[in-house]
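**Student:** Sending over a structure as structure tokens; questions will come in a sec.
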Amino acid sequence: MKVNIAQLRRTEGASETYRFSESFPSLQLGNEDYFFQVPVDVQADVTNTGKSLLVKGKVFSIINVNCSRCLKEYPFHLDFEFEDEWQPAEFAEPDEEEGAFLFDKDEFCIDNRISEHILLHIPMKFMCSEDCKGLCPKCGADRNQGSCACTDGDIDPRLEILFQWNKGV
Ligand SMILES: [Zn+2]
Ligand SMILES: [Zn+2]
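Heads up: the sequence shown runs through residues 1 to 169, numbered per my numbering.
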């Protein structure tokens, strides 16, 4: 998605809204690849403050993820706001505070920036629902589908010792 700020950057106090809906390639985070189910929707309100462009953005999309507890795949909704400051490269100080985004043309691509924001909003763990029961640690059955034959009192003899120890017996 390209933003054209030719007009905006010349008029202090002016603001403009940009809207995009664009297909994104999958995002990689650690060993995971996240695939988008729908295009990424972005709305960015950009204001020329005189020394920089202040961006207030909203991002919406849906990615496929696996529940950290039961491993089932489900759609995770990305829906967040972000704020950026874009500074013209020619005025930037070498020790400019981090997070400032530099531009040197009237038109530039913000896809990488949007990807960075999305990666920041991908949680460490996913839960298909608040009360996902997860998998049985013994037989691997999905406990959301019903209970398995294993009972809580049915402890592997090799773990029995640990269990006793934990209870302080
Ligand atoms: Zn789950
Ligand atoms: Zn089980």
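We put the CB at the ideal spot given by N, CA and C, even for glycine.
Quick caveat: nothing in here was measured; it's all calculated off a predicted structure.
Which residues have their C-beta within less than 5 Å of a heavy atom of ligand 1, listed in chain order?
**Tutor:** Those residues are C67, R69, C70, C128 and C132, given in chain order.
**Student:** Under a Cβ-count criterion, where at least 16 other Cβ atoms within 10 Å of its own Cβ denotes burial, should S52 be classed as buried or exposed?
**Tutor:** The residue in question, S52, is buried, as its Cβ has 16 or more Cβ neighbours within 10 Å.
**Student:** Is the beta carbon of C242 within less than 7 Å of some heavy atom of ligand 2?
**Tutor:** The chain is shown only over 1 to 169; residue 242 falls outside these bounds and no answer can be derived.
**Student:** Cβ of C67 within 8 Å of Cβ of C109?
**Tutor:** No, the pair does not count as a contact, with Cβ atoms beyond the cut-off.
**Student:** Is any heavy atom of ligand 2 found at a distance shorter than 7 Å from the C-beta of K56?
**Tutor:** Incorrect: K56 has no Cβ contact closer than 7 Å to ligand 2.
**Student:** What do you reckon, is the C-beta of C139 under 7 Å from a heavy atom of ligand 2?
**Tutor:** C139: yes, Cβ under 7 Å from ligand 2.
**Student:** Measure the C-alpha to C-alpha separation of F149 and C132 and round it to an integer number of angstroms.
**Tutor:** This sequence places Ala at residue 149; Phe is not what is there. Straight-line Cα distance between these residues: approximately 19 Å.
**Student:** When you compare the stretch 134-144 with the stretch 46-62, are there three or more beta-carbon pairs, one atom per stretch, that lie closer than 8 Å?
**Tutor:** Counting Cβ pairs under 8 Å, fewer than three are found: no touch.
**Student:** On the DSSP letters alone, give me the boundaries of the beta strand (DSSP E) that L27 sits inside.
**Tutor:** Unbroken beta strand (DSSP E) run through L27: L27 to L29.
**Student:** Based on Cα-Cα distance, which residue from D104, I62, Y74 and Q28 lies nearest to I5?
**Tutor:** Out of D104, I62, Y74 and Q28, D104 has the C-alpha closest to the C-alpha of I5.
**Student:** Excluding five sequence neighbours on each side, which residues of the same chain lie with their C-beta closer than 8 Å to the C-beta of V38?
**Tutor:** Taken in chain order, the residues that qualify are S61 and I62.
**Student:** Could you pull out every residue in the same chain whose Cβ sits closer than 7 Å to the Cβ of T18, ignoring the five residues on either side in sequence?
**Tutor:** The amino acid occupying residue 18 in the given sequence is Tyr; Thr does not appear at that position. The answer, listed in chain order, is V3, A44 and V46.
**Student:** Measure the Cβ-Cβ separation of L29 and I114 and say whether it is below 8 Å.
**Tutor:** Not closer than 8 Å, so no.
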